[in-house]
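Line by line, the protein sequences are chains A and B.
For any residue, its number in the numbering used here is found by taking its place in the first sequence, counting from 1, and adding 2.
For any residue, its number in the numbering used here is found by taking its place in the second sequence, counting from 1, and adding 307.
Each residue gets a CB set at the ideal place from its N, CA and C atoms; glycine is no exception.
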Amino acid sequence: MLKLYEQTTRSRLMLGTARYPSPAVLGDAVRAARAEVVTVSLRRESAGERAGQAFWSLVRELGVRVLPNTAGCHAVKEAVTTAHMAREVFGTTWIKLEVIGEDDTLQPDVFGLVDAARILCAEGFEVFPYTTEDLVVAERLLAAGCRVLMPWGAPIGSGRGLNNLFGLTALRAHFADVPLIIDAGLGVPSHAARALELGFDAVLVNTAVAQARDPVQMAAAFAQAVEAGLAARQAGPIEPRDLATPSTPLIGTAFRG
Amino acid sequence: MKILVNGAWRETQRDELAGALEELGYGGSVVSTAVNGEFIAAALRARTTLADGDRVEVLAPMQGG
Numbered sequence: 003m004l005k006l007y008e009q010t011t012r013s014r015l016m017l018g019t020a021r022y023p024s025p026a027v028l029g030d031a032v033r034a035a036r037a038e039v040v041t042v043s044l045r046r047e048s049a050g051e052r053a054g055q056a057f058w059s060l061v062r063e064l065g066v067r068v069l070p071n072t073a074g075c076h077a078v079k080e081a082v083t084t085a086h087m088a089r090e091v092f093g094t095t096w097i098k099l100e101v102i103g104e105d106d107t108l109q110p111d112v113f114g115l116v117d118a119a120r121i122l123c124a125e126g127f128e129v130f131p132y133t134t135e136d137l138v139v140a141e142r143l144l145a146a147g148c149r150v151l152m153p154w155g156a157p158i159g160s161g162r163g164l165n166n167l168f169g170l171t172a173l174r175a176h177f178a179d180v181p182l183i184i185d186a187g188l189g190v191p192s193h194a195a196r197a198l199e200l201g202f203d204a205v206l207v208n209t210a211v212a213q214a215r216d217p218v219q220m221a222a223a224f225a226q227a228v229e230a231g232l233a234a235r236q237a238g239p240i241e242p243r244d245l246a247t248p249s250t251p252l253i254g255t256a257f258r259g
Numbered sequence: 308m309k310i311l312v313n314g315a316w317r318e319t320q321r322d323e324l325a326g327a328l329e330e331l332g333y334g335g336s337v338v339s340t341a342v343n344g345e346f347i348a349a350a351l352r353a354r355t356t357l358a359d360g361d362r363v364e365v366l367a368p369m370q371g372g
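In structure tokens, the structure reads:
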């Protein structure tokens, strides 16, 4: 079981809810992923269309916990106000805090992120900050009151996997007791398995599932991958070596001596 | 009175936020609101007075990653 603030979850796969071909496919993908947490957002509502109301009904029917985000926010005040609005609408103190600093990479503005995290943690929010693998930023976020970190694997939607393996491994080693969730940039299930093998606690996937040719099948594949990665981590992987070591015992080898 | 609702100018006869939302068709919707960048909790909408030119954001649940 994974403990995130005061809540526990069995699933190590969180799913984003955006960019699916249809609401029905989204629902099937969440079930195939066996996800217990999905991310949601807030957007301007048209009084005529009421699209948000239909979406919210669908999510509630799925019976999953929601993790609202502050996607699209570029300033601390925007992010903090969006968090307040999300808490009211979704009825949760969880917030996936995003403060975007650069539009081409959607890289977090880590300075604004720390400032916003400090404000929201002091107000009782349980903050899941979308951050980089930077150790110093991670320290500042924890000092601000965060008890979970969400480092990126690669830029959002890029599908590149774990871009900075060394940095992410260092982050995992440095904060051994902090739940770390790889958020963003995963493209295929092997990326997710790798993250779990490295000791990350969970992954959050959206585009890789939603934009797959068959999102439901891909969701199931990611679910299997995180289970395999977690099992491998718990089983204790061997250390990589530079030279070969024979797996078949050499004692008693024929034609020797 | 003219107010800017989600980036579009709208006319309302009501001068409090709750009434304006009702008049503009948001009655019964699960939404969250802000006026001039400040969050206004649902419980405060009836007591929140609007002025000509105010910027009102009306947000609802949406897909997100």
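Near residue i, what residues of its chain come up, given a Cβ to Cβ distance below 8 Å and the 5 sequence neighbours on each side ignored?
i, result
"residue 148 of chain A", "119, 123, 129, 130 and 131"
"residue 166 of chain A", "135"
"residue 45 of chain A", "54"
"residue 63 of chain A", "29"
"residue 133 of chain A", "110, 112, 115, 139, 140, 143, 151, 152, 153 and 154"
Under the assumption that residue i contacts residue j (Cβ atoms under 8 Å), give the Cβ distance between them as a whole number of angstroms.
i, j, result
"residue 345 of chain B", "residue 313 of chain B", "Between residue 313 of chain B and residue 345 of chain B the Cβ distance is about 16 Å, and since that is not below 8 Å, they are no contact."
"residue 108 of chain A", "residue 70 of chain A", "With a Cβ gap of about 18 Å, residue 108 of chain A and residue 70 of chain A do not count as contacting."
"residue 14 of chain A", "residue 170 of chain A", "Between residue 170 of chain A and residue 14 of chain A the Cβ distance is about 16 Å, and since that is not below 8 Å, they are no contact."
"residue 201 of chain A", "residue 174 of chain A", "5 Å"
"residue 225 of chain A", "residue 34 of chain A", "7 Å"
"residue 2 of chain A", "residue 372 of chain B", "With chain A covering 3 to 259 only, the question about residue 2 of chain A has no answer from this structure."
Taking 6 Å as the limit between beta carbons, can you name the residues of its chain near residue i, skipping five residues before and five after?
i, result
"residue 114 of chain A", "78 and 101"
"residue 43 of chain A", "71 and 73"
"residue 18 of chain A", "41 and 208"
"residue 342 of chain B", "361 and 363"
"residue 76 of chain A", "102"
"residue 221 of chain A", "31, 34, 35 and 211"
"residue 47 of chain A", "54"
If you draw a straight line from the C-alpha of residue i to the C-alpha of residue j, how long is it?
i, j, result
"residue 2 of chain A", "residue 244 of chain A", "Here chain A comprises residues numbered 3 to 259, so residue 2 of chain A is not present and cannot be evaluated."
"residue 215 of chain A", "residue 367 of chain B", "29 Å"
"residue 110 of chain A", "residue 252 of chain A", "54 Å"
"residue 338 of chain B", "residue 60 of chain A", "16 Å"
"residue 1 of chain A", "residue 67 of chain A", "Nothing about residue 1 of chain A can be reported from this structure: the residues present for chain A run from 3 to 259 only."
"residue 362 of chain B", "residue 96 of chain A", "27 Å"
"residue 144 of chain A", "residue 249 of chain A", "44 Å"
"residue 56 of chain A", "residue 125 of chain A", "30 Å"
"residue 198 of chain A", "residue 348 of chain B", "40 Å"
"residue 88 of chain A", "residue 195 of chain A", "31 Å"
"residue 135 of chain A", "residue 247 of chain A", "34 Å"
"residue 335 of chain B", "residue 117 of chain A", "35 Å"
"residue 83 of chain A", "residue 241 of chain A", "47 Å"
"residue 359 of chain B", "residue 103 of chain A", "33 Å"
"residue 36 of chain A", "residue 259 of chain A", "58 Å"
"residue 106 of chain A", "residue 11 of chain A", "33 Å"
"residue 81 of chain A", "residue 121 of chain A", "10 Å"
"residue 229 of chain A", "residue 90 of chain A", "34 Å"
"residue 162 of chain A", "residue 172 of chain A", "19 Å"
"residue 206 of chain A", "residue 139 of chain A", "20 Å"
"residue 369 of chain B", "residue 141 of chain A", "32 Å"
"residue 311 of chain A", "residue 315 of chain B", "Limits of chain A in this structure are 3 at one end and 259 at the other, which puts residue 311 of chain A out of reach."
"residue 176 of chain A", "residue 351 of chain B", "45 Å"
"residue 86 of chain A", "residue 92 of chain A", "10 Å"
"residue 137 of chain A", "residue 39 of chain A", "26 Å"
"residue 58 of chain A", "residue 223 of chain A", "26 Å"
"residue 146 of chain A", "residue 185 of chain A", "20 Å"
Per DSSP, which one or two residues make a beta bridge with residue i?
i, result
"residue 71 of chain A", "A:98"
"residue 336 of chain B", "The partner list for residue 336 of chain B (beta bridge, DSSP) is empty, contrary to what the question assumes."
"residue 364 of chain B", "B:341"
"residue 58 of chain A", "In DSSP, residue 58 of chain A forms no bridge with anything."
"residue 347 of chain B", "B:340"
"residue 153 of chain A", "A:133"
"residue 110 of chain A", "A:102"
"residue 355 of chain B", "Answer is none; residue 355 of chain B lacks a bridge partner."
"residue 370 of chain B", "A:42"
"residue 207 of chain A", "A:17"
"residue 185 of chain A", "A:154 and A:206"
"residue 309 of chain B", "B:318"
"residue 255 of chain A", "DSSP lists no partner for residue 255 of chain A."
"residue 10 of chain A", "A:5"
"residue 128 of chain A", "A:96"
"residue 323 of chain B", "B:356"
Apart from the five residues on each side of it in sequence, which residues of its chain come closer than 7 Å, Cβ to Cβ, to residue i?
i, result
"residue 353 of chain B", "323 and 325"
"residue 192 of chain A", "227"
"residue 30 of chain A", "218"
"residue 319 of chain B", "308, 310, 327, 330 and 331"
"residue 22 of chain A", "28, 31, 212 and 217"
"residue 356 of chain B", "322 and 323"
"residue 6 of chain A", "150 and 181"
"residue 189 of chain A", "161, 162, 163 and 210"
"residue 333 of chain B", "365"
For a contact defined as C-beta to C-beta under 7 Å, what are the partners of residue i on chain E?
i, result
"residue 87 of chain A", "Among the chains of the structure shown, chain E does not appear; the protein chains present are A and B."
Query raised in the report: Are the stretch 42–57 of chain A and the stretch 224–240 of chain A touching, with three or more C-beta to C-beta distances below 8 Å?
Result: no
Query raised in the report: Is there contact between the stretch 175–183 of chain A and the stretch 150–165 of chain A, where contact requires at least three CB pairs shorter than 8 Å?
Result: yes
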